[in-house]
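Please read the structure below before turning to the comments.
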Amino acid sequence: MLVWKRNLLVCWFGMFVTGVGMSQIAPVLPLYIDHLGIHDAGLISQFSGIAFGITFIISAVFSPIWGRAADKFGRKPMLLRASLGMAIVIFCMGFVQNVYQLIGLRLLQGVITGYSTACTTLIATQTDRAHAGWALGTLSTASVAGSLLGPVIGGYISENFGMQNVFFITGALMLVAFIITVFFVKESFRRQDAKTLTVGEVWNTIPNKNIIAVMFVTSFVITLALYSIEPIITIYVTQLSGNTSHVALTAGVVFSVSGLANIMAAPGLGKLSDRIGAQKVMLLALGVAGLVFIPQGFVKNPWQLMGLRFLLGLALAGLNPSVNALIKRITPQFLTGRVFGLNISAQYLGVFGGSILGGQIAAYWGIRYVFFVTSTLLLANALWAYLAVYKKLT
2 MLVWKRNLLV
12 CWFGMFVTGV
22 GMSQIAPVLP
32 LYIDHLGIHD
42 AGLISQFSGI
52 AFGITFIISA
62 VFSPIWGRAA
72 DKFGRKPMLL
82 RASLGMAIVI
92 FCMGFVQNVY
102 QLIGLRLLQG
112 VITGYSTACT
122 TLIATQTDRA
132 HAGWALGTLS
142 TASVAGSLLG
152 PVIGGYISEN
162 FGMQNVFFIT
172 GALMLVAFII
182 TVFFVKESFR
192 RQDAKTLTVG
202 EVWNTIPNKN
212 IIAVMFVTSF
222 VITLALYSIE
232 PIITIYVTQL
242 SGNTSHVALT
252 AGVVFSVSGL
262 ANIMAAPGLG
272 KLSDRIGAQK
282 VMLLALGVAG
292 LVFIPQGFVK
302 NPWQLMGLRF
312 LLGLALAGLN
322 PSVNALIKRI
332 TPQFLTGRVF
342 GLNISAQYLG
352 VFGGSILGGQ
362 IAAYWGIRYV
372 FFVTSTLLLA
382 NALWAYLAVY
392 KKLT
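When we follow our numbering, the leftmost residue of the sequence shown carries the number 2, and every step to the right adds one.
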């Protein structure tokens, strides 16, 4: 097997487990915080929001830093650092004695992240241009699927094996990712730039800065669109079904079905971007995703919502591979870690922003407007991409 293909397999597993590790705590947080001695419903909600969101905010800050380290020291050392560090931190969450220790470990988890940045940079730099779209498309399914399926996996483990085992099992999987990275990931790293560039110097070195800016915004809007429904999904499913029987399971499936669609479609759409151009696939996917959001505000039952979320996942599957392929195409190789780190920061901010935006819109205007506002953002992004990227590159 070619080195880049073997590395792709290992990185896919590691990024999937990392995505699960970042998000699996969501469904068990309120219960775990109650278990830790906080019984007031208001305080539980506050601490749950802090514990969930702080990891993504801190990750957004540190991803570019670890991207810079990947360019300086190599990508494999960053994979080993992040996978072993997360394995230890997540495992320790099962032993905390109070909510402050839990929040501290979630903060530390955000600091030591960087596995996705190093994986994306490694595959982007090792893969030839003819296969870059397919490789990056396949890799993108791991992170998206892990993040979207994480809450379902966490809920299942909690219900069947106990809350603490959510952290023990996820930590063990991260340790497996560390071990296979040690033995199977190969990298011949040669640093191409001896001088450590500042952020401003990095930005000035990149050609076509407008296109890179569109890529960062698109990454932010993609994840914002996926996660805007998270804070209101259970309430919306309850309204649509008219009862609370199995509502948690149904809501989890509705939220995660986009991840299944993403896994199915991303490699094929990555290949398509290799053939016809990543900018064409990105523009089409943005337009379709924006339109698919609109009928989600008019559904009459959870099954209709589930079907539309599946279609949304198919559309969004064409976005991450296209964005990554365009970044690879434009960015000098010695800066790929820095730029991909900034792009992943935009994704982490999108997770946090989507959760906040969805809750606030639902509170002030109503749940259905969450879909309408998100659709508007995607379509506006599509128009900007058409003017700034498609017309320039085609």
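Every residue, glycine too, gets a C-beta built ideally from N, C-alpha and C.
Proximity winner among the options, relative to residue i (alpha-carbon distances)
{"i": "isoleucine 368", "options": "Arg7, Glu231, Asp129 and Val21", "result": "Glu231"}
{"i": "lysine 187", "options": "Tyr391, Val4, Ser257 and Ile55", "result": "Val4"}
{"i": "leucine 44", "options": "Phe74, Ile66, Ala83 and Val100", "result": "Val100"}
{"i": "isoleucine 331", "options": "Gly138, Leu270 and Asn211", "result": "Asn211"}
{"i": "valine 300", "options": "Phe372, Ser274, Gly314 and Ile328", "result": "Phe372"}
{"i": "glutamine 165", "options": "Gln98, Gly115 and Leu150", "result": "Gln98"}
{"i": "cysteine 414", "options": "Arg339, Ser117, Tyr391 and Val352", "result": "Only positions 2 to 395 of the chain appear in the structure, and residue 414 is not among them; the question remains open."}
{"i": "isoleucine 223", "options": "Tyr391, Trp67 and Val145", "result": "Val145"}
{"i": "alanine 326", "options": "Leu10, Ile277 and Tyr237", "result": "Ile277"}
{"i": "alanine 131", "options": "Ile357, Trp204, Lys272 and Ile58", "result": "Lys272"}
{"i": "alanine 136", "options": "Pro296, Thr121, Phe57 and Lys393", "result": "Thr121"}
{"i": "alanine 61", "options": "Leu37, Leu358 and Met23", "result": "Met23"}
{"i": "proline 322", "options": "Val374, Ser84, Thr139 and Gly111", "result": "Thr139"}
{"i": "tryptophan 67", "options": "Arg191, Gly115, Ser242 and Leu37", "result": "Gly115"}
{"i": "isoleucine 207", "options": "Gln305, Leu150 and Leu336", "result": "Leu336"}
{"i": "arginine 191", "options": "Phe74, Ile234, Gln305 and Ile362", "result": "Phe74"}
{"i": "leucine 384", "options": "Val215, Phe17, Val112 and Leu123", "result": "Val215"}
{"i": "arginine 82", "options": "Ile234, Val183 and Ile328", "result": "Val183"}
{"i": "glycine 298", "options": "Ile233, Thr19 and Lys329", "result": "Ile233"}
{"i": "isoleucine 328", "options": "Gly172, Gln361, Trp204 and Ala173", "result": "Trp204"}
{"i": "valine 112", "options": "Met307, Ile236, Val374 and Ser84", "result": "Ser84"}
{"i": "leucine 9", "options": "Phe17, Ile55 and Ile124", "result": "Ile124"}
{"i": "valine 21", "options": "Ala133, Ile170 and Leu103", "result": "Ile170"}
{"i": "threonine 128", "options": "Leu394, Asp275 and Asn209", "result": "Asp275"}
{"i": "lysine 6", "options": "Gly38, Ala133 and Asn209", "result": "Ala133"}
{"i": "alanine 389", "options": "Met16, Gly253 and Ile213", "result": "Ile213"}
{"i": "valine 254", "options": "Met307, Leu37, Ala173 and Gly359", "result": "Met307"}
{"i": "valine 18", "options": "Ala173, Phe221 and Ala364", "result": "Ala173"}
Spatial neighbours of residue i in its chain, beta-carbon cut-off 8 Å, leaving aside the 5 residues before and after
{"i": "threonine 219", "result": "Met283, Leu287, Leu320, Val324, Asn382 and Ala386"}
{"i": "phenylalanine 217", "result": "Leu343, Asn344 and Ala347"}
{"i": "leucine 32", "result": "Ser159 and Met164"}
{"i": "threonine 377", "result": "Gly291"}
{"i": "arginine 69", "result": "Thr197, Gly338, Arg339 and Gly342"}
Contacts around residue i, its chain only, beta-carbon distance under 6 Å, and the 5 residues preceding and following it disregarded
{"i": "threonine 142", "result": "Asn263, Ile264 and Ala267"}
{"i": "alanine 119", "result": "Ala71, Arg76, Met79 and Leu80"}
{"i": "glycine 314", "result": "Ser259, Ala262 and Asn263"}
{"i": "serine 64", "result": "Thr118, Gly342, Ile345 and Ser346"}
{"i": "alanine 318", "result": "Asn263, Ala266, Ala267 and Leu270"}
{"i": "threonine 251", "result": "Val238 and Pro303"}
{"i": "tyrosine 349", "result": "Phe57, Ser60 and Ala61"}
{"i": "tyrosine 391", "result": "Gln280 and Leu284"}
{"i": "leucine 241", "result": "Asn302 and Pro303"}
{"i": "tyrosine 228", "result": "Val352, Gly355 and Ser356"}
{"i": "leucine 150", "result": "Ser257 and Gly260"}
{"i": "isoleucine 55", "result": "Arg107 and Leu108"}
{"i": "leucine 394", "result": "Gln280"}
Distance cut-off 8 Å: residue i Cβ against heavy atoms of the ligand SAH
{"i": "valine 153", "result": "For the structure depicted, the ligand SAH is absent and the ligand set is empty, with no information on it obtainable."}
Same chain only: Cβ atoms within 7 Å of residue i, ignoring 5 sequence neighbours per side
{"i": "alanine 290", "result": "Ala226, Leu313, Ala316, Leu317 and Leu379"}
{"i": "valine 293", "result": "Leu309, Leu312, Leu313 and Ala316"}
{"i": "leucine 109", "result": "Val90"}
{"i": "isoleucine 34", "result": "Ile45, Phe48, Ser49 and Val100"}
{"i": "phenylalanine 168", "result": "Ile91, Phe92, Met94 and Gly95"}
{"i": "leucine 106", "result": "Val90, Cys93, Met94 and Val97"}
Short CB-CB distance (under 9 Å) between residue i and chain D
{"i": "threonine 114", "result": "The structure shown contains no chain D, having only a single protein chain."}
### Message
Under 8 Å, with one C-beta from each stretch per pair, do the region 47–66 and the region 140–156 reach the 3-pair mark?
### Response
no
### Query
Taking only runs of the alpha helix (DSSP H) that begin and end inside the region 159–186, which ones reach a length of at least 4 residues, in chain order?
164–185
### Message
For the region 88–98 against the region 175–183, do three or more pairs of beta-carbon atoms, one drawn from each stretch, fall closer than 8 Å, so that the two count as touching?
### Response
In short, these stretches touch, since the Cβ pair count reaches three.
#### Entry: Uninterrupted beta strand (DSSP E) stretches inside the region 103–165 (no shorter than 3 residues)
none
### Query
Which residue spans inside the region 9–61 form an unbroken alpha helix (DSSP H) run of at least 4?
30–36
### Task
Taking only runs that begin and end inside the region 334–380, name each unbroken beta strand (DSSP E) of 3 or more residues, in chain order.
Within the region 334–380, no beta strand (DSSP E) run of at least 3 residues lies entirely inside it.
### Task
Enumerate, from N- to C-terminal direction, the unbroken alpha helix (DSSP H) stretches of 4 or more residues contained entirely within the region 251–324.
279–297 and 303–317
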